[in-house]
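Respectively, the protein sequence lines represent chains C and H. Residue numbering for the first sequence follows the numbering used here, starting at 1227 and increasing by one per position. Residue numbering for the second sequence follows the numbering used here, starting at 826 and increasing by one per position. Just so it is clear, CB atoms sit at the ideal spot from N, CA and C, and this is done for glycine as well. Following: one structure in C-alpha cells, then a few remarks.
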Amino acid sequence: MSRCRLAALFGGVLLSSMAFSAPMPVVNGLMLDPDGIHFKDSSFQHTAALPPLPANMTWVVPADSGYDHYFTSPVDALDHLSEWCALGDVIVPVRARCTLMIAPGTYDLEGDQQIIMHEKVDIIGMGPSSTIIRGFVNGSAWDETSAVLRGAADAALRNLTVANYVFLASTSGDHSSAIYNDGAGFRVNDVSVSVNGNDRNYGIINNGVDATYTDLDIQVTNIWDPSKPSALCFGFWARGPGSVEINRAEVVAEGCSDSTAIQDNGANLRLVRIHANANCPNGSCGANAVWNASGVLTILNSRLEGASRSITIGSDSDRIINTHFNGPVIDVFPGTQCRGTYGNSLGDVPC
Amino acid sequence: MPRFLVTLFLGSFLLSGSAFCAEPSSYSLGLFSYGIRFPDGTGQDTAALPSLPANMAWVAHAGGKYTSPVDAMAHLADWCVLGGNVVPVDARCTLLIAPGIYELGADQLIMRAGVDIVGMGVRTTVLSGAVDSAALGEESALIRGADHTTLRDLTVVNAGAQHASSGIYNVELSFIIKHAEVVVSGNASLSTGIENKGFGSKFSDITVSATGLTDCVGIRNTGNGSIIINRASISASGCAKNTAITNLNAVGLRLADVDASATATGAQRAVGLWSSGSGLTVLDSKLEGATYSLGIGSTSARIINTQLDGPVGANSAGTQCWGTYDSNLADRGC
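In C-alpha cells, the structure reads:
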C-alpha cells in the first residue's frame, strides 16, 4: 500500500470514527451522533420534530411574544388561509375542516378590520376570559359591514370574547355589532360579546339562516355616551327567516332609549334557560327583555326582566313555558301562549 | 502542504461526504441540503417550533415542560411573561395538563390571577393529593382558586385524612369552574368538596362528592360571596352530618339544573340544601335529604320547578316555592 493510500485510509477512519462511533462535538456542546442530536440541556432528539399542531390547524399568538412563526392577528391568519388550511389542491374541501386556535391574550384589530370567517373553518379561543378580540367597527347600516366578526356557514366560534369598542373607532357610522351571521349552520359556543357606545348597538345579529348559540354572555350598552338619547341597544337580534336556537345565555341590553335584550323579526326563535335583562341605568328608557315583532317564539325555563316589557308576544303560536316574567307582558292574541309562567312573587302570570 | 496531509484531508472529506451527503444503505443521522434526516427515516426541513405559543405550557408525564402543575405554577415566570411582568393587565396564561393522574401529595396547587388551568377532560386529567389541616380553610384544600381565573376539564381528588380536608377553596373574585369533578374521599372529620368565599363565582357542569366522618359538605358558600351553579350533581355522605350544599351568611346563591343529594344511614343527618343567606334561587333542580331536602332562610328565596325529596325546614312565612313537587310528583308548597 502506498503512503498516500495509507494516509487516505487513516483520515477516513479518523473522521468516520468521529462521525459514527462517538458523539461528535459540533458547536458549544451540541453533539451529533448516529442516533440523533444531543442538546446542551441534555435532551436528545432521535426523530424529526413534528409540527406543534396537525395539518389544517394553526395558532394566533399575541404580537411581540417571540413566536414569529405564528400569526399575530386572526385577520391575518384568515387572509392567509391557504397557507395553513389546505388539503389537496382545494381549500377546505368537502368533509375537511380547519381550526384556527387563538392563544391567550387580547387582540386589538387594526383600524376598522373585521374578522371574516370562512365556511368550515372553526375559530377557537382559550376561554372567554383568556382570548379577547377587540374591534372598532361601525357602519351606515346594521348589516355585515358594521360587525367585528362575520360568521360563516357550517363553522363554529367558541371559547373567546368578541368586543366592539366602537367608542374608540376612528371612523363614523351609526351602527355597530359584535357578530353578524348570515351563514347557515353557524354555531357559537361559550362566547362573550360586548358592544358599547354607538347610536345603534347590536350584540349578535343572525340574519335569515338556521344557527345555534349556546352558553352566551352578551352585554350591549350605551353607558359610555349617555348623550345619545335616541340610541338603540339590541342584545340578540334574530332577523328574517331561519330556525335559531339559543341555549343558556345571559343577555343584557341597557342604557339606550330602546334597550331590548332579545328581538325577533321573522325567525323561528327557541330560547332555553335564558336570562334576558333590559334596564335603564341612565334614567327612563324603553327596557324590553324579549320582543317578538314578527317571528315565532318558544321559551323554556327562562327569566325575562324588563321594566317596560318582560315580553311582547308576537304570534298566537308563541309558547312560553316555566318562565319568570319580571315586567309587563304584552299579549294581544286571543289564544293561550303561556304555561307555568309566573311573576316575582311566584303568582301565576298567564298569557 | 505535504502530500500526505492533502491525502489525509481528501480521505476525510471522502468519508465524511459519504456519511453526510450520500444515501447510506441504512439510516443514520445525516445532514443534507434540505435539512436533517434521522435514523428512523424521518426528515426535518425546518426549525422545530415550540409546542405551544407564548404564555402557555404543558404539564405532562412525558413530553411537557413540567411534570407537575405545582412545579409549573411555582415557575410561572418562566413561561407566563409578557412585557417583563408576570400576567400583566390584558395578558392571560393557560396551563394545559395532559391526560394522566398527577399525584400532588401534600402539596397545594395555588392558582394565580389570570392563569387558567385546563385539563383534557374529567377523569382524563386527574389531580390527586392528600391535603388537610386542623381547620377548614385555605390550608385544607388541594387547590386554591384565584381572581378572574378558570379551572376546567379535569378531576380533583383530595384524600386528606386528618381533621379537615377540601377539594377547592376560593376567596377571590370571579373564580370559574367548568366541566370538572371534585372528590373528597379521605375520611377526614370535616370534608368539603368546594368552599367558596369569593364574590361572583360561577360553577358549571360539575360533579362534587364529599365523604368523611363528622361533617360532610359538597359545596359550602360562606362570607359575602355570591355563587351561580349550573348543571351540577352534588353529593355528601358518610358523615354524622351530611349536607350537599350549604349557603351561610352569603349574599346570593343561584342553582339551575342541580341535583343536590345527601345520604344518611342510621342516625346520620342528611340535608340537600341549607341556606341561611339571602338571595337564594333554585330552578329546575332536585334537592334530596332524609332530614331536610331544603332549609329556607329568607322570605326572598325562590324555589321553582324543583323536586323536594325530603322535609322542608326553616320555612319562612310567605310563598317561596312555585311548581315544587315531591318524589311522587305531588305538589310540595313552601
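Exercise for the section: With DSSP as the reference, please indicate the residues paired to THR1486/C in a beta bridge. Expected result: PHE1460/C, ASN1514/C
Handout entry: DSSP state of THR1149/H mapped onto helix, strand, coil
Key = coil
Problem - Nonlocal neighbours in the same chain, by C-beta distance under 8 angstroms from ASP1574/C, ignoring five residues either side - result: THR1567, TYR1568
Practice task
Could you tell me whether any Cβ in chain H is nearer than 7 angstroms to the Cβ of PRO1278/C?
Solution key: yes
Handout entry: Proximal residues of chain C, C-beta to C-beta of PHE863/H below 9 angstroms
Key = ASP1261, GLY1262, ILE1263, GLN1271, HIS1272, THR1273, ALA1274
Problem - Residue from CYS1324/C, ASN1422/C, HIS1401/C, ASN1424/C with nearest C-alpha to ALA1382/C - result: CYS1324/C
Handout entry: Helix, strand or coil at ASP1334/C [DSSP, three-state]
Key = strand
Handout entry: Nonlocal neighbours in the same chain, by C-beta distance under 8 angstroms from ASN1012/H, ignoring five residues either side
Key = ALA986, THR1036, GLY1037, LEU1038, GLY1063
Exercise for the section: Answer yes if the region 1464-1479 of chain C comes into contact with the region 1439-1446 of chain C, meaning at least three C-beta pairs across the two stretches below 8 angstroms, and no otherwise. Expected result: yes
Exercise for the section: With a cut-off of 8 angstroms on the beta carbons, I'd call LEU1530/C and ASN1552/C a contact; round off their distance for me. Expected result: 7 angstroms
Handout entry: Proximity to ILE1547/C [Cα-Cα], best of PRO1576/C, HIS1272/C, PRO1277/C
Key = PRO1576/C
Exercise for the section: Starting from the C-beta of ARG1045/H, find all residues in its chain whose C-beta is less than 6 angstroms away, skip the five residues before and the five after it, and write them out in chain order. Expected result: THR1017, GLU1020, THR1071
Handout entry: Per DSSP, the bridge partner or partners of ASP1259/C
Key = GLY1262/C
Exercise for the section: Tell me, please, whether the CB atom of ALA1502/C is closer than 7 angstroms to any CB atom in chain H? Expected result: no
Handout entry: Sub-7 angstroms separation of LEU1119/H and ARG1157/H beta-carbons
Key = no
Problem - contact_flag[the region 1424-1434 of chain C, the region 1391-1409 of chain C] where n(CB pairs < 8 angstroms) is 3 or more - result: yes
Exercise for the section: To the nearest angstrom, report how far apart VAL906/H and ASP1302/C are at their CA atoms. Expected result: 24 angstroms
Practice task
Return helix, strand or coil for SER1247/C, following the three-state DSSP convention.
Solution key: Note that SER1247/C scores a pLDDT of 45, beneath 50, so its modelled location is shaky; the value from the coordinates is reported in the next line. DSSP places SER1247/C in coil when its eight states are reduced to three.
Exercise for the section: Please classify TRP904/H: does DSSP put it in a helix, a strand, or coil? Expected result: helix
Exercise for the section: Ignoring anything shorter than 3 residues or poking outside the region 1344-1416 of chain C, list the beta strand (DSSP E) runs there in chain order. Expected result: 1347-1350, 1357-1361, 1373-1376, 1382-1390, 1401-1407
Problem - Continuous beta strand (DSSP E) stretch holding ASP1302/C: start and end - result: That residue, ASP1302/C, is in no beta strand (DSSP E); its alpha helix (DSSP H) goes 1300-1305.
Handout entry: Where the beta strand (DSSP E) through ALA882/H begins and ends
Key = 881-884
Handout entry: GLU997/H classed as buried or exposed, judged by whether at least 16 other C-beta atoms fall within 10 angstroms
Key = buried
Exercise for the section: Under the assumption that SER1536/C contacts GLY1512/C (Cβ atoms under 8 angstroms), give the Cβ distance between them as a whole number of angstroms. Expected result: Actually they are not in contact, since the Cβ atoms of SER1536/C and GLY1512/C sit about 13 angstroms apart, beyond 8 angstroms.
Problem - Segment limits, beta strand (DSSP E) that includes MET1327/C - result: 1324-1328
Practice task
Compare the C-beta of ARG917/H against all C-beta atoms of chain C and say whether one is closer than 7 angstroms.
Solution key: yes
Handout entry: Residue from THR1116/H, SER1123/H, VAL1107/H whose Cα sits closest to the Cα of PRO1136/H
Key = THR1116/H
Handout entry: PRO1288/C beta carbon less than 7 angstroms from that of GLY1337/C
Key = no
Practice task
Could you pull out every unbroken alpha helix (DSSP H) segment of at least 4 residues lying fully inside the region 925-987 of chain H, listed in chain order?
Solution key: none
Problem - Cβ neighbour criterion (16 or more within 10 Å) applied to VAL1470/C - result: buried
Practice task
May I have a chain-ordered list of the beta strand (DSSP E) segments no shorter than 3 residues that lie completely inside the region 1018-1056 of chain H?
Solution key: 1026-1036, 1040-1046
Problem - Proximal residues, the region 1049-1072 of chain H versus chain C, C-beta separation under 8 angstroms - result: ASN1055
Exercise for the section: Tell me whether VAL1575/C sits in a helix, a strand or coil according to DSSP, three-state version. Expected result: coil
Practice task
Using a Cβ-Cβ cut-off of 7 angstroms, state whether GLN817/H counts as contacting chain C.
Solution key: There is no way to answer for residue 817/H, as the model of chain H reaches only from 826 to 1159.
Handout entry: Which of helix, strand or coil DSSP assigns to GLU997/H
Key = coil
Problem - Cβ of VAL1522/C within 7 angstroms of any chain H Cβ - result: no
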